[in-house]
Amino acid sequence: MSGSSYYRLRRIKDVIVRFMVYLALLIALIPLFSVIFEVARRGIIAINLDFFVKPTPTVGEVGGGIANAIQGTFITIGLTCLIGVPIGVISGIFLSEYSESRFSTIIRFFNEVLNGIPSIVIGIFSYALIVLAVGFSVIAASFALSIIMIPIVTRTTEEALKLVPATIREAAIALGMPRWKTVVYIVLRSAKKTVATGILLAIARITGESAPILVTMGYWRWWFAGLNRPVANLALNIFLFANSPFENWVVLAWGSALILIMMVLGINIVVRILMRERY
Amino acid sequence: MSRIMDAELRNLSTIIYKMGDLAYQAVSMAIYESLYGRDSYDRIKEISDTLILLADQVEDKIFEIIIRFQPVASDLRIVKSYMKISYDITRLGRYALDISYINKRFGGLGGSEEWIRTYIADMSEKALSMVKMVMEILRSQKIEVIKSVSEMEEEIDKLYINFLNKIIDETNIKSRVVVSSVLVIRYFERIADHVAYMCESIIYMLTGRKEFLR
Amino acid sequence: MSTYKIEVEKLNAWFGSKQVLKNIDMKVKDRAVTAIMGPSGCGKTTFIRCLNRMHELTPGARVSGRVLLDGINIYDDGIDPVQIRRKVGMIFQKPNPFPMLSIYDNVALGPKLNGVKDRKTLDLIVRRSLELAGLWDEVKNDLDKSGVSLSGGQQQRLCIARALAVEPEVLLMDEPTSALDPMSAAKIEALIRKLAENYTVIIVTHNIQQAARVSDYVAFFYLGELIEYGPTKDVFEKPRSELTERYITGKFG
Ligand SMILES: Nc1ncnc2c1ncn2[C@@H]1O[C@H](COP(=O)(O)OP(=O)(O)OP(=O)(O)O)[C@@H](O)[C@H]1O
Ligand SMILES: [Mg+2]
Numbered sequence: 030m031s032g033s034s035y036y037r038l039r040r041i042k043d044v045i046v047r048f049m050v051y052l053a054l055l056i057a058l059i060p061l062f063s064v065i066f067e068v069a070r071r072g073i074i075a076i077n078l079d080f081f082v083k084p085t086p087t088v089g090e091v092g093g094g095i096a097n098a099i100q101g102t103f104i105t106i107g108l109t110c111l112i113g114v115p116i117g118v119i120s121g122i123f124l125s126e127y128s129e130s131r132f133s134t135i136i137r138f139f140n141e142v143l144n145g146i147p148s149i150v151i152g153i154f155s156y157a158l159i160v161l162a163v164g165f166s167v168i169a170a171s172f173a174l175s176i177i178m179i180p181i182v183t184r185t186t187e188e189a190l191k192l193v194p195a196t197i198r199e200a201a202i203a204l205g206m207p208r209w210k211t212v213v214y215i216v217l218r219s220a221k222k223t224v225a226t227g228i229l230l231a232i233a234r235i236t237g238e239s240a241p242i243l244v245t246m247g248y249w250r251w252w253f254a255g256l257n258r259p260v261a262n263l264a265l266n267i268f269l270f271a272n273s274p275f276e277n278w279v280v281l282a283w284g285s286a287l288i289l290i291m292m293v294l295g296i297n298i299v300v301r302i303l304m305r306e307r308y
Numbered sequence: 010m011s012r013i014m015d016a017e018l019r020n021l022s023t024i025i026y027k028m029g030d031l032a033y034q035a036v037s038m039a040i041y042e043s044l045y046g047r048d049s050y051d052r053i054k055e056i057s058d059t060l061i062l063l064a065d066q067v068e069d070k071i072f073e074i075i076i077r078f079q080p081v082a083s084d085l086r087i088v089k090s091y092m093k094i095s096y097d098i099t100r101l102g103r104y105a106l107d108i109s110y111i112n113k114r115f116g117g118l119g120g121s122e123e124w125i126r127t128y129i130a131d132m133s134e135k136a137l138s139m140v141k142m143v144m145e146i147l148r149s150q151k152i153e154v155i156k157s158v159s160e161m162e163e164e165i166d167k168l169y170i171n172f173l174n175k176i177i178d179e180t181n182i183k184s185r186v187v188v189s190s191v192l193v194i195r196y197f198e199r200i201a202d203h204v205a206y207m208c209e210s211i212i213y214m215l216t217g218r219k220e221f222l223r
Numbered sequence: 405m406s407t408y409k410i411e412v413e414k415l416n417a418w419f420g421s422k423q424v425l426k427n428i429d430m431k432v433k434d435r436a437v438t439a440i441m442g443p444s445g446c447g448k449t450t451f452i453r454c455l456n457r458m459h460e461l462t463p464g465a466r467v468s469g470r471v472l473l474d475g476i477n478i479y480d481d482g483i484d485p486v487q488i489r490r491k492v493g494m495i496f497q498k499p500n501p502f503p504m505l506s507i508y509d510n511v512a513l514g515p516k517l518n519g520v521k522d523r524k525t526l527d528l529i530v531r532r533s534l535e536l537a538g539l540w541d542e543v544k545n546d547l548d549k550s551g552v553s554l555s556g557g558q559q560q561r562l563c564i565a566r567a568l569a570v571e572p573e574v575l576l577m578d579e580p581t582s583a584l585d586p587m588s589a590a591k592i593e594a595l596i597r598k599l600a601e602n603y604t605v606i607i608v609t610h611n612i613q614q615a616a617r618v619s620d621y622v623a624f625f626y627l628g629e630l631i632e633y634g635p636t637k638d639v640f641e642k643p644r645s646e647l648t649e650r651y652i653t654g655k656f657g
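In structure tokens, the structure reads:
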């Protein structure tokens with residue numbers, strides 16, 4: 030008798046706790062969904078063929094698109110990756126494979142510090158170093174973004190490589206493979222999906238950066254005109270268009286926001302798929 | 010720390026010691042019979058058959074130990090030596106029975122010449138004490154004692170040859186006495202031999218050395 | 405009498421300040437199986453890792469003494485450890501095929517990285533190594549499959565094939581069957597005997613019966629010292645050392 034009432038009590042507790050967990054989850058999800066919903070609702074109006082093929086409209090021009098911003102974003106990210114990925118991956122390899130060297134402790138420390146620096150500070154650093162020499166430019170922006178990217182890629186690469194079992198490394202070394210070949214052909218190869226995941230996450234992160242872009246590249250409403258010139262950018266578009274007095278620009282801001290969200294979401298989905306496939 | 014195999018090895022030892030006791034009994038009965046003519050053939054036969062049975066048991070147990078534990082080193086040597094020793098002990102019983110058969114067939118040596126009786130008494134006592142000693146060495150593992158056993162074995166060999174030389178020159182001894190005394194003495198000499206084999210097994214078992222005492 | 409393939413002289417090994425091998429002197433016969441026995445932590449793995457210069461890869465690890473391979477000290481200045489490891493192959497306790505590579509590539513990788521380019525030659529090396537390891541018939545139709553799709557015993561034979569593909573002269577095996585079922589282990593044991601016709605095999609094993617079955621010589625290590633070393637039959641019939649006796653009869657501790 031008392032056994033069954035005890036059981037009932039336990040069941041009730043279970044239900045209550047479960048209800049609270051779901052409620053908390055719901056509360057946490059509300060902002061995310063409302064953002065996506067709101068952006069989608071308002072952004073969807075902007076989306077038509079012109080939106081994807083036309084550049085920023087001039088003042089007073091109706092319609093227009095964000096094609097130049099998409100182009101610019103890809104170019105900036107591409108150049109950033111060109112700088113950031115090799116440096117990040119190589120540092121990651123160094124930290125993981127040569128961790129006995131005292132040098133790696135230092136690198137690891139600075140990497141952590143770098144990771145914690147606000148992106149606007151990095152932007153200003155790039156401004157001082159590059160903008161003052163070259164002018165507002167893709168190079169300056171990519172430099173700033175790659176400084177944001179490097180610590181992320183370094184850390185994820187290091188962790189990815191450390192996950193490769195020591196037994197596999199030893200197998201390669203015991204076959205008479207030089208250390209660097211072991212690292213490149215065996216360790217990196219085993220971890221390539223995890224490394225790619227890290228790179229993608231870093232890309233997702235820099236795609237949304239606007240502050241360093243603002244101070245390194247500024248505003249540019251035309252097409253790409255060379256790496257030493259600025260180029261348009263999605264994240265910056267949102268910031269600038271949303272504040273503009275023109276109604277069609279505000280619409281374009283929402284459209285840009287939607288595209289940006291889709292890109293980040295897309296990257297995250299790819300990451301998910303990669304993670305699932307691992308081994 | 011005690012291993013499972015240790016219990017099995019102890020069981021084996023127990024059987025071997027029991028076999029030693031039985032063989033000792035059989036040999037002493039055979040001696041008594043030869044000298045004083047009491048008939049113990051049936052009892053000795055019984056013991057000899059028991060010994061054969063026990064030797065079979067030992068063999069079985071040893072195979073079981075090999076299957077279960079794959080003995081190595083001292084364990085392996087114990088097992089091999091026990092196998093041989095158990096066979097040697099059955100031989101002791103068998104020679105006691107052979108002696109008993111001769112006594113039964115030819116009526117013993119009770120009525121024979123005094124010197125023959127003393128000779129046999131002396132030699133058989135030596136053989137019997139060798140049996141006792143070897144079993145004690147097995148129990149106590151005191152291999153120092155083996156030296157005296159092997160000395161006795163040499164003595165018995167000499168006594169045996171000596172006896173043959175002596176009896177061949179005697180002309181007025183009944184052939185019944187000649188035949189039975191020669192056979193009985195020969196069997197005691199064989200008993201001593203098997204005791205010596207047992208000593209060799211013990212040396213191998215305890216030290217891994219393969220020595221020949223003969 | 406065959407000659408010695410490896411002569412170990414006054415070998416000492418450390419992890420940091422902890423000495424784990426003490427003055428080991430040991431001559432290993434060519435084309436024979438030498439088994440290394442000893443309680444856990446006595447330095448067996450460390451010992452064989454000193455024979456292909458893997459020990460020094462551990463941070464803080466150190467070696468002194470000489471290891472002569474065909475009369476040449478592998479610890480001499482100017483000797484490339486990578487070259488030594490090609491001559492002295494190693495098989496590990498846990499089968500460790502490269503998970504991202506196919507069965508074929510697992511075996512072909514060594515020769516490939518050593519400069520064999522021609523596809524036909526590679527095919528031949530792969531086939532011969534797998535045949536030698538007794539795995540060819542089981543995998544010849546699945547060469548593209550991942551190495552980790554095989555059973556544990558097959559994986560271990562794949563690892564042996566992989567080691568054989570770089571044409572070593574010595575094979576070091578660290579408890580190669582301890583993660584395998586009895587049937588797979590028996591296959592590997594038979595393989596070890598066969599390999600001993602052409603290779604010098606050194607096998608670490610915790611299984612005393614396995615040492616008795618496969619080896620021509622056994623060495624017993626205890627607390628970093630070589631306590632006993634001799635022909636297998638002699639050691640298993642009459643060990644010279646009381647320690648060996650207690651170890652192999654299970655009276656340890
Ligand atoms: N990476 C390491 N760092 C420090 N000490 C180590 C390391 N690897 C092993 N040791 C120590 O060195 C000693 C010998 O280790 P080793 O691995 O050679 O033993 P083993 O005989 O192979 O043992 P097992 O039978 O358990 O494999 C042990 O006392 C161990 O604690
Ligand atoms: Mg080990």
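Chains as they are written, first to last, in the working numbering: chain A, 30 to 308; chain B, 10 to 223; chain C, 405 to 657. Every residue, glycine too, gets a C-beta built ideally from N, C-alpha and C.
Spatial neighbours of Gly514(C) in its own chain (CB-CB distance under 7 Å, excluding positions within 5 residues in sequence) are listed in chain order as Arg566, Ala569, Val570. In the same chain as Lys141(B), and ignoring 5 residues on each side of it, the C-beta atoms closer than 8 Å to its own belong to Tyr33, in chain order.
Here the distance from the Cβ of Lys93(B) to the nearest heavy atom of ligand 2 is not below 7 Å.
Classified as exposed, Gly295(A) has fewer than 16 neighbouring CB atoms from the shown chains inside 10 Å of its CB.
Against chain B, the beta carbon of Phe640(C) has neighbours under 9 Å at Val81, Ala82, Leu85, listed in chain order. DSSP places Pro586(C) in the helix class (H, G or I) of the three-state scheme.
Secondary structure of Arg490(C) (DSSP, three-state): helix. Burial is judged here by how many other beta carbons sit within 10 angstroms of a residue's own beta carbon; Ile59(A) has fewer than 16 and is exposed. Taking 8 Å as the cut-off, the beta carbon of Pro86(A) is found no closer than this to the beta carbon of Trp251(A). For Cys208(B), the Cβ stays outside the 7 Å cut-off from all heavy atoms of ligand 1. Asp578(C) has its CB nearer than 7 Å to a heavy atom of ligand 2. Restricting attention to Asp474(C), Asn500(C), Asp546(C), the CA atom closest to the CA of Gln560(C) is found in Asn500(C). Contact note: Tyr214(A) reaches chain C through Leu513, Leu517, using a C-beta cutoff of 8 Å and chain order.
Residue contact check for Pro580(C) against chain A: no CB pair falls below 8 Å. About 14 Å separates the Cβ atoms of Ser57(B) and Gly29(B), ruling out a contact at the 8 Å cut-off. In the three-state scheme derived from DSSP, where H, G and I count as helix and E and B as strand, Pro635(C) is classed as strand.
Sorting Leu44(B), Ile74(B), Glu42(B) by C-alpha distance to the C-alpha of Ala16(B) places Ile74(B) at the top. Cβ contact annotation for Leu143(A) (same chain, cutoff 6 Å, sequence separation greater than five): Pro180, in chain order. One Cα belongs to Val36(B), the other to Arg644(C), and the distance between them is close to 39 Å. Placement of the Cβ of Lys448(C) at a distance of less than 7 Å from at least one heavy atom of ligand 2 is found.
Remark: the shortest separation between the CB of Lys422(C) and any heavy atom of ligand 1 falls under 7 Å. Beta-bridge partners assigned by DSSP to Lys433(C): Tyr408(C). When the alpha-carbon of Ala537(C) is set against those of Pro485(C), Ser588(C), Ser619(C), Lys409(C), the nearest one is in Ser588(C). Taking a C-beta distance under 8 Å as the contact criterion, Ile592(C) and Val437(C) do not qualify as a contact pair. Separation of the CB atoms of Leu21(B) and Val81(B) is rounded to 17 Å, and the pair is thereby denied contact status at 8 Å.
At a cut-off of 8 Å between beta-carbon atoms, Gly493(C) makes contact with chain A. Taken in chain order, the region 104-172 of chain B contains no complete beta strand (DSSP E) segment of 3 residues or longer. When secondary structure is reduced to three states using DSSP, Gln100(A) falls in the helix class. Here the region 650-657 of chain C does not lie against the region 462-481 of chain C, with fewer than 3 beta-carbon pairs under 8 Å apart. Looking at Arg198(A), Ile112(A), Thr211(A), Gly101(A), the one whose alpha-carbon comes closest to that of Leu517(C) is Thr211(A). Annotation for Tyr621(C): the continuous beta strand (DSSP E) segment containing it runs 621-626.
Listed as beta-bridge partners of Gln423(C) by DSSP are Trp418(C). Collapsing the DSSP output to three states places Leu575(C) in a strand. Think of a sphere of 7 Å around the beta carbon of Gly217(B): the chain C residues whose beta carbon falls inside it are Glu641, Lys642, in chain order.
If you look at Arg470(C), you'll find it in the beta strand (DSSP E) that goes 465-473.
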